[in-house]
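Asks:
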Amino acid sequence: MVPLPLRRRPRRPPDHRGPGRARVPQRPLARRGRGLGAVAHGRGRRPRGAGGGPSARGRGRRPAPHLAGADGRGPPPAPRRPGGRGRPPPAGRRAGGAPVRAAILAVDGGGSKVDAALLSRGGRVLGAARVAGLRWEQTGDDLHIDSIEAAARAAARDAGLDPEARPLAELGVYCVAGADLPADDRRILRGLRRRRLAERDVVRNDTFAVLRAGTDRDWGVGIVCGFGTNCSARSPSGRVYRLPAIGGISGDWGGGMQLGETALWHALRARDGRGPATSLARSVPAHFGLRTPRQVMEALYFRRLEPERLAELAPVVFRDAELGDAVARQIVDRQAEEIVTMASAAIRRLRMADLDVDVVLGGGIFRNRFAPFFEAIERGIHEVAPRARIIVLAAPPVVGAAMLGLDGIGASRAARARVRRELTHERLAGGARAAAGGR
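Taking my numbering, I'd label the letters of the sequence shown as residues 98 to 536.
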């Protein structure tokens, strides 16, 4: 059978900025994201544009619509509609309006919250929302994926779309805590495929969202210090440095949980005479409405107090350090030293010591205002990379997930700038309230 040329092209929608491709182009994403995590296609196909495979152009190897039935590669798609040559009809639907589908679903998932945003190819934020997060090791795969899906559904409602019409977007980029090992990446992808949130899914560790949100470059060092701590980096040539970051068994130290445990340890020893005096012996139990460190210990032992609540003590440690307590200051200094150690290792391994590398710091620990903490970090990193720029992230990390998605589809610089303007903490909080009200 000889393909017959179509007599006329369907008109493209006004927001269309791509070159008329049927699917999200895969070569840029494969090249830019090499080594950062796992990539999956909604139909389980291997990503093209990697390993010398054919170019990701045209219909992504699908036959022309009028040949699909005879070609043997599945039934022909639904009738053509405006929106690009050969593109299947969009899946989402506005209430009382025409079907639409976002180009990108961007998700940043941590232990305390999950942010999601639906974006057009031009960088317009169609919908955004923030929901409570779940720690992966506590909840298991399904509940963690549940929180990601809940955020995506809330973003869809904020955009006026039907959250049940799947997929919601062409490309889903999920930067999540818990994607620490390649096995984690694969497990998360399997769960995401079952939910069909996007036509194609890409999983990254949340440190890559922090990095990309804090710089306009696609290389540098990203450090997260929140409940736990982690570091990832990418060189200008595309080489990647990742830490497992699964706790003490992988050589990690720091984060809110570690700071809280250390504060209680010192408080107990100060009270029973095994350690030096410290104001933490009073401030630690006071935070939980108790009188002595021993009462905190007993509450934890008898499960009247959940162990994860020790992470709440991180601001207490910084406050006592600022007030001059030597023990609290020692804890803060150790956290700063560990951050310097992670950044320095990444910079050396990727041979970026002579570059003006951006080191982006994100997470709850960096929201304190204790100047000596940041001065120690900057001083230590500059001993290894004198031209390094230390950036404390102000934007929500989900901006980084959005940037990775825009990088993957070859979006314009204007689209990236628009995302940075529109995707703010206020926008996410407002979207969550609107979505909750629409349930």
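Positions of the beta carbon are idealized from the N, C-alpha and C atoms, including for glycine.
(1) Could you have a look at Arg221 and say whether DSSP puts it in helix, strand or coil?
(2) When the Cα atoms are used, what is the spatial distance from Arg371 to Leu490?
(3) According to DSSP, is Ile346 helix, strand or coil?
(4) Give me the Cβ distance between Arg339 and Ser329, rounded to the nearest whole Å; I'm assuming they're in contact under 8 Å.
(5) Near Ala526, which residues of its chain fall below 8 Å by C-beta distance, leaving aside the five closest residues on each side in sequence?
(6) Relative to the C-alpha of Thr252, which residue among Val424, Thr359, Ala274, Ala214 is closest?
(7) State the DSSP-derived secondary structure class of Ala214, mapped to helix, strand or coil.
(8) Can you tell me the Cα-Cα spacing of Leu520 and Phe399, whole angstroms?
(9) Name the DSSP beta bridge partners of Ala330, please?
(10) For the alpha helix (DSSP H) that Val413 lies in, which residues bound it at each end?
(11) Using only CA atoms, which one of Asp205, Gly219, Ala203 lies nearest to Arg515?
(12) Roughly how many angstroms separate the alpha carbons of Ala200 and Asn465, rounded to a whole number?
(13) If you follow the alpha helix (DSSP H) that Val429 is part of, which residue opens it and which one closes it?
(14) Just to confirm, is the Cβ distance from Cys322 to Ile462 under 8 Å?
(15) Around the Cβ of Arg518, are there at least 16 other Cβ atoms within 10 angstroms (buried) or fewer (exposed)?
(16) Would Asp422 and Thr375 qualify as a contact pair, given that the criterion is a beta-carbon distance under 8 Å?
(17) Going by CA-CA distance only, name the one from Ile428, Gly208, Arg287, Gly317 that's closest to Met449.
(18) Please name the residue or residues paired with Val489 in a DSSP beta bridge.
(19) Is the beta carbon of Asp282 less than 8 Å from the beta carbon of Arg290?
(20) Within its chain, find whatever has a CB closer than 6 Å to the CB of Leu452; leave out the 5 residues flanking it on each side and keep chain order.
(21) Using C-beta distances below 7 Å, list every residue in its chain close to Ala524, excluding the 5 sequence neighbours before and after it, in chain order.
(22) So, at 8 Å on beta carbons, what are the nonlocal neighbours of Ala248 in its own chain, with the 5 sequence-adjacent residues on each side left out?
(23) In angstroms with no decimal places, state the Cα-to-Cα distance between Asp486 and Ala306.
(24) Indicate whether Glu435 and Trp350 have their beta-carbon atoms separated by less than 8 Å.
(25) Taking DSSP as the reference, what is the three-state secondary structure of Leu294?
(26) Using DSSP with H/G/I as helix, E/B as strand and the rest coil, what is Ile201?
(27) So what's Leu258 in DSSP terms, helix, strand or just coil?
(28) Beta-carbon of Val273 versus every beta-carbon of chain C: anything under 8 Å?
(29) Quick one: is Arg280 buried, meaning 16 or more other Cβ sit within 10 Å of its Cβ, or exposed?
(30) Report the three-state DSSP secondary structure of Ala310 (helix, strand or coil).
(31) Under the three-state reduction of DSSP, which class applies to Gly269: helix, strand or coil?
(32) Below 7 Å CB to CB, which residues in the same chain sit around His522 once its five sequence neighbours on both sides are set aside?
(33) Between Ala425, Leu410, Arg366, Val456, which has its C-alpha nearest Ile320's C-alpha?
Replies: Let's see:
(1) Here residue 221 is taken as the residue at index 124 of the sequence shown, counted from 1. It is coil, neither helix nor strand.
(2) Here residue 371 refers to the residue found at position 274 when the sequence shown is read from its first residue. Here residue 490 refers to the residue found at position 393 when the sequence shown is read from its first residue. Cα to Cα, the separation comes out at about 39 Å.
(3) Residue numbering aside, residue 346 sits at position 249 when the sequence shown is read from its first letter. Here Ile346 sits in helix by DSSP.
(4) Mapped onto the sequence shown, residue 339 falls at position 242. Mapped onto the sequence shown, residue 329 falls at position 232. About 5 Å separates the two Cβ atoms, so the contact holds.
(5) Translated into positions along the sequence shown, residue 526 becomes position 429. Arg227, listed in sequence order.
(6) The count along the sequence shown starts at 1 and reaches residue 252 at position 155. Note on residue identity: the sequence assigns Ala, not Thr, to residue 252. Selected option, being the one with the closest Cα: Ala214.
(7) Taking the sequence shown and counting its residues from 1, the one referred to as residue 214 is at position 117. The answer is strand: DSSP assigns Ala214 an E or B state.
(8) If you number the sequence shown from 1, residue 520 lands on position 423. If you number the sequence shown from 1, residue 399 lands on position 302. Rounded to the nearest angstrom, the two C-alpha atoms are 43 Å apart.
(9) Along the sequence shown, read from residue 1 onward, the residue named residue 330 stands at position 233. Paired residue(s): Val318, Tyr338.
(10) Along the sequence shown, one-based indexing puts residue 413 at 316. Note, Val413: alpha helix (DSSP H), 411-419.
(11) Counted from its first residue, the sequence shown places residue 515 at position 418. Measuring from the Cα of Arg515, the nearest candidate turns out to be Gly219.
(12) As a first step, residue 200 is located in the sequence shown; it is residue number 103 there, counting from the start. As a first step, residue 465 is located in the sequence shown; it is residue number 368 there, counting from the start. Going by the C-alpha atoms only, they are around 36 Å apart.
(13) Sequence index remark: in the sequence shown, residue 429 carries index 332 (1-based). First-last of the alpha helix (DSSP H) with Val429: 423-446.
(14) To locate residue 322, count along the sequence shown from 1; it is residue 225. To locate residue 462, count along the sequence shown from 1; it is residue 365. Against a cut-off of 8 Å, the Cβ pair of Ile462 and Cys322 comes out as a contact.
(15) The count along the sequence shown starts at 1 and reaches residue 518 at position 421. Looking at its Cβ environment, which holds fewer than 16 other Cβ atoms inside 10 Å, Arg518 is exposed.
(16) Here residue 422 is taken as the residue at index 325 of the sequence shown, counted from 1. Here residue 375 is taken as the residue at index 278 of the sequence shown, counted from 1. In this structure, Thr375 lies closer than 8 Å to Asp422 by Cβ.
(17) Here residue 449 is taken as the residue at index 352 of the sequence shown, counted from 1. Of the candidates Ile428, Gly208, Arg287, Gly317, the one whose C-alpha sits nearest the C-alpha of Met449 is Gly317.
(18) Translated into the one-based positions of the sequence shown, residue 489 becomes position 392. Its beta-bridge partners are Leu458.
(19) Taking the first residue of the sequence shown as 1, we reach residue 282 at position 185. Taking the first residue of the sequence shown as 1, we reach residue 290 at position 193. The answer is no: Cβ separation not under 8 Å.
(20) Translated into positions along the sequence shown, residue 452 becomes position 355. Once the five neighbours on either side are set aside, Leu452 has no close Cβ partner at all.
(21) As a position in the sequence shown, residue 524 is number 427, starting the count at 1. Per the sequence shown, residue 524 should be read as Arg rather than Ala. Excluding residues within five positions, the ones whose Cβ falls inside 7 Å are Val222, Ala225.
(22) Within the sequence shown, the letter at position 151 stands for residue 248. Same-chain partners within the cutoff: Val204, Gly206, Val211, Asp212, Ala213, Ala226, Arg227, Val228.
(23) Position 389 of the sequence shown, counted from the start, is the residue given in the question as residue 486. Position 209 of the sequence shown, counted from the start, is the residue given in the question as residue 306. First, the residue type needs correcting, since residue 486 is Arg and not Asp in the sequence shown. Whole-angstrom Cα-Cα distance: 18 Å.
(24) Mapped onto the sequence shown, residue 435 falls at position 338. Mapped onto the sequence shown, residue 350 falls at position 253. Yes, Cβ-Cβ distance for Glu435 and Trp350 is below 8 Å.
(25) Stepping through the sequence shown from its first residue, residue 294 is reached at position 197. It is coil, neither helix nor strand.
(26) Working through the sequence shown from its first residue, we reach residue 201 at position 104. Three-state result, Ile201: strand.
(27) Here residue 258 corresponds to residue number 161 of the sequence shown, with the count starting at 1. Leu258: strand per DSSP, three-state reduction.
(28) Looking for chain C here will not work: only one protein chain is present.
(29) Counting from one through the sequence shown, the residue named residue 280 turns up at place 183. Looking at the sequence shown, residue 280 is not Arg but Ala. Exposed is the call here.
(30) Residue 310 sits at position 213 when you count from the first residue of the sequence shown. In the structure shown, Ala310 sits in a helix (DSSP, three-state: H, G or I).
(31) Taking the sequence shown and counting its residues from 1, one reaches residue 269 at position 172. Here Gly269 sits in strand by DSSP.
(32) Here residue 522 is taken as the residue at index 425 of the sequence shown, counted from 1. Pro493.
(33) Against the sequence shown, residue 320 aligns to sequence position 223. If we check each option's Cα against that of Ile320, Val456 comes out closest.
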